[in-house]
């Protein structure tokens, strides 16, 4: 089915797991409300991202609400992009061991000569790590799910497949699991971090052409 083929192609190309703003919970001052983030990563190509987080004053469960925006490198700016919004919560702290989860809604757009494809999805990540004021290291696992997708096929594609229909399509078109490691160094109100890991589709068997992700990021807190 051609619509399904396009959908699978879009998931392979744009379900980027290079995404999550990473933070050192032990270096986060309660007076530092705003977290600005810039990052660059490699997954299905080079991806550039910007993010903003706001820290709420919650003593028991620290919460950071934020947004992220990323684009892959390419000739046409903003023909492909991803926007996300959600919350990052630190649930458990046992001495220097801490566990946090992040849940984000996603909107993605992908365009080629065959179609413009837009998607709403959900990304969920869990991180457990060892956090010190100057550095941290941890393991992460997550799931990136495409829930509902809109297809706008090109006239060229309709000439070849005249029965194809535009519009929203359900059920969900696919998802990826990802798992890896992260670590970083904090200095003053700044920190740098590195993430990397592996990607596999939700069937736990199929891997993309480039079955890994890498991200280098920078946080500025104020």
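In our numbering, the protein residues as written are 94 to 315.
All residues carry an ideal CB built from backbone N, CA and C; glycine is no exception.
- Under the three-pair Cβ rule at 8 Å, the region 140-153 counts as touching the region 121-128.
- Nearest neighbour of residue 139 by Cα position, chosen from 213, 306, 312 and 311, turns out to be 306.
- The region 285-305 makes no contact with the region 241-256: fewer than 3 CB pairs, one atom from each, lie closer than 8 Å.
- Nearest Cα to residue 126 within the set 155, 141, 132 and 176: 155.
- In the structure shown, residue 254 falls within a coil segment according to DSSP collapsed to helix, strand and coil.
- For residue 225, no beta strand (DSSP E) encloses it, and the DSSP letter there is neither H nor E.
- Put simply, of 177, 194 and 130 the residue whose alpha carbon is nearest the alpha carbon of residue 213 is 177.
- Secondary structure at residue 193: strand, using DSSP grouped into helix, strand and coil.
- Listed in chain order, the non-local C-beta contacts of residue 309 below 6 Å within the same chain comprise 133 and 287, local neighbours out to five positions each way being set aside.
- Just measuring C-alpha positions, the residue of 294, 289, 291 and 283 sitting nearest residue 315 is 283.
- Exclusion of the five residues before and after residue 209 leaves 245 as the residues of its chain whose Cβ lies within less than 6 Å of its Cβ.
- Under the three-state reduction of DSSP, residue 119 is assigned to helix.
- Between the alpha carbons of residue 273 and residue 255 lies a distance of about 44 Å.
- If you draw a straight line from the Cα of residue 194 to the Cα of residue 115, it comes to about 11 Å.
- Taken atom to atom, the span from the alpha-carbon of residue 280 to that of residue 131 is near 16 Å.
- If you compare the alpha carbons of 217, 164 and 224 with that of residue 185, the shortest gap goes to 224.
- Nearest in C-alpha terms to residue 188, of all of 161, 268 and 222, is 222.
- The beta-carbon separation of residue 220 and residue 206, rounded to 39 Å, does not stay under the 8 Å limit for a contact.
- In the three-state DSSP reduction, residue 248 falls in the helix class (H, G or I).
- Here residue 205 carries a coil assignment [DSSP, helix/strand/coil].
- In this structure residue 165 is buried. Its beta-carbon is surrounded by 16 or more other beta-carbon atoms within 10 angstroms.
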